[in-house]
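Taking it in order: structure first as structure tokens, then the write-up.
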């Protein structure tokens with residue numbers, strides 16, 4: 003099981019050196035995927051910088067006529083945090099206090115332009131699920147420099163390639179290779195760029211989402227500054243639902259997936275589009291509750307019927323399995 007735990011101080015000091023020596027010797031068995039992930043997560047672990055304020059600019063369709071901008075902010079203070087996205091009229095706020103994540107179940111779904119935005123609780127920290135199948139690391143050129151990469155098969159043809167800088171030990175790229183795309187195909191995925199150092203820890207100043215080789219969105223000008231907060235900064239909004247959480251949560255992965263049956267009435271009427279459903283995935287990986295957020299009325303029931311049959315490997319914290327809330331998008335296109 004790929005569950006990562008924080009290392010003791012002596013191990014954290016010597017671990018990057020061991021990784022560097024292992025990679026330099028070409029011993030892929032020694033430099034395992036978990037070791038690469040652990041070294042990267044340790045190098046970018048900002049917990050020693052708390053309390054701090056992280057801010058960045060969100061840019062969608064950068065440099066184009068339809069460019070849109072927004073802001074993100076993370077307040078981190080020991081056992082509590084506040085993350086916030088503002089993008090046009092859309093606003094998302096998440097509060098974490100004592101490993102409880104408080105979410106507004108009535109909140110709007112993220113606009114489609116923000117679907118590629120990383121989880122704000124783990125912007126550049128990688129964890130693997132117990133069901134993920136991982137290849138041995140290999141050396142390759144990434145972003146015009148030497149990197150060590152491995153493939154993660156999430157389910158059948160859904161493959162992600164995770165790449166790390168062996169000199170700085172940071173995570174630099176997560177490529178989506180759905181369908182087993184060959185090397186040289188247009189890039190799909192996330193790049194972590196322009197790493198800066200603060201308090202001995204590293205963080206990317208730019209996180210770039212790319213689809214078919216074109217930049218679709220960026221988080222730019224990421225800054226981290228020391229800060230002092232008031233209790234009111236972490237006040238829990240009304241009508242929120244608490245979920246257990248942790249820094250090193252391994253994600254829930256779908257293991258049983260059924261496609262919806264396209265309603266005949268929708269096909270005849272040439273109705274297509276997306277249905278967004280807010281689901282709670284239980285501690286055993288079952289779908290606990292479903293709530294429709296958006297979608298055409300004649301497509302909703304077919305989407306609900308399909309999602310009810312989905313099953314997951316549950317999300318996990320060091321304390322055990324946890325329930326999570328996730329927005330699922332069901333696509334109907336003729």
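Residue numbers (the numbering used here): 3 to 336.
All C-beta atoms in this analysis are idealised placements derived from N, C-alpha and C, irrespective of residue type, glycine included.
Residue environment for residue 81: exposed (fewer than 16 other C-beta atoms within 10 angstroms of its C-beta). Taking a C-beta distance under 8 Å as the contact criterion, residue 125 and residue 245 do not qualify as a contact pair. Between residue 166 and residue 38, the C-beta spacing is below 8 Å. Assigned with DSSP and collapsed to three states, residue 196 falls in strand.
Nearest to residue 330 by C-alpha distance, out of 59, 111, 49, 67, is 111. Short of 6 Å from the beta carbon of residue 277, and not among the five residues preceding or following it, lie these beta carbons of its own chain, in chain order: 297, 301, 302, 305, 332. Distances from the alpha-carbon of residue 255 to those of 285, 51, 58 put 285 closest. Counting every other CB atom within 10 Å of its CB across the protein chains shown gives residue 67 a total below 16, marking it as exposed. Within the same chain, 246, 247, 248 come within 7 Å of residue 101 by CB-CB distance, once the 5 residues on both sides are set aside.
Assigned with DSSP and collapsed to three states, residue 299 falls in helix. Per DSSP, residue 221 lies in no alpha helix (DSSP H); the unbroken beta strand (DSSP E) holding it starts and ends at 216 to 228. The beta-bridge partner set that DSSP reports for residue 108 is empty.
Per DSSP, residue 263 is not a residue of any alpha helix (DSSP H), being assigned neither H nor E. With respect to the C-alpha of residue 79, the residue from 190, 142, 220, 234 having the closest C-alpha is 234. Excluding sequence positions up to five before and after residue 141, its CB lies within less than 7 Å of the CB of 148, 150, all in the same chain and listed in chain order. By the 16-neighbour rule on beta-carbons within 10 angstroms, residue 210 is buried. A contact between stretches requires three or more CB pairs, one per stretch, nearer than 8 Å, and the segment 127 to 147 fails this requirement with the segment 218 to 229. About 4 Å separates the beta carbons of residue 177 and residue 163, which is inside the 8 Å limit, making them a contact pair. At least 8 Å separates the beta-carbon of residue 279 from that of residue 315.
Assignment of residue 146 by DSSP, reduced to helix, strand and coil, places it in the coil class. 144 is the residue among 270, 144, 326, 327 whose C-alpha sits nearest the C-alpha of residue 189. Here residue 250 carries a coil assignment [DSSP, helix/strand/coil].
Separation of residue 292 and residue 262 (C-alpha to C-alpha, rounded to the nearest whole angstrom) is 15 Å. With contacts defined as CB atoms closer than 8 Å, residue 194 and residue 172 qualify as a contacting pair. Per DSSP, residue 80 has no beta-bridge partner at all. Collapsing the DSSP output to three states places residue 36 in a helix.
Of the candidates 266, 216, 49, 317, the residue whose Cα lies closest to the Cα of residue 283 is 317. Pairing residue 49 with residue 307, the inter-Cα distance amounts to about 42 Å. According to the DSSP assignment, residue 178 belongs to the beta strand (DSSP E) that extends over 173 to 178. For residue 311, the three-state secondary structure derived from DSSP is coil. In chain order, 285, 316 place their CB closer than 6 Å to the CB of residue 323, counting only its own chain and leaving out the 5 sequence neighbours on each side. Beta-bridge annotation (DSSP): residue 51 is not paired with any residue. DSSP, read as helix, strand or coil, puts residue 131 in coil. Rounded to whole angstroms, the separation of the alpha carbons of residue 107 and residue 241 is 7 Å.
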